[in-house]
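S.K.: Sharing a structure below in structure tokens format, with a few things to ask.
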Amino acid sequence: MDVAERAILSYLEQHPAGADTIEGVHHWWMSGAQHPEHIGVTECALARLRDAGRVEAVRLGDRIIWRLGRQAQQ
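67 is the number that UniProt numbering gives to position 67 of the sequence shown; each next residue is one higher, with no gaps.
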């Protein structure tokens, strides 16, 4: 697990009801000294976490919202 994945999971541990767009995840969830400079790093981390069932992407209108995966909540 890389720094970006750990930052996302750490945020969700503190805010289990958190949900945001990829831009919001990149800006708010990834804040701190280890903040990746490129949003692509955040996008790849979210994809890996989604594939592992830790987060899920939900379409809300014309946007994709990322949140804690249902499997991870149990």
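Think of the CB as a built atom: it goes at the ideal place given N, C-alpha and C, for glycine as much as any other residue. Please read all numbers here as calculations on a predicted model, not as lab measurements.
Determine the DSSP secondary structure at residue 52, reduced to helix, strand or coil.
M.R.: It is coil, neither helix nor strand.
S.K.: Would DSSP call residue 17 helix, strand or coil?
M.R.: Of the three classes helix, strand and coil, the one that applies to residue 17 here is coil, per DSSP.
S.K.: In or out: residue 60 buried (at least 16 other Cβ within 10 Å) or exposed?
M.R.: Exposed: under 16 other Cβ atoms inside 10 Å.
S.K.: Which same chain residues, not among the five before or five after residue 19, have their C-beta less than 6 Å away from its C-beta?
M.R.: Contacts found: 65, 67.
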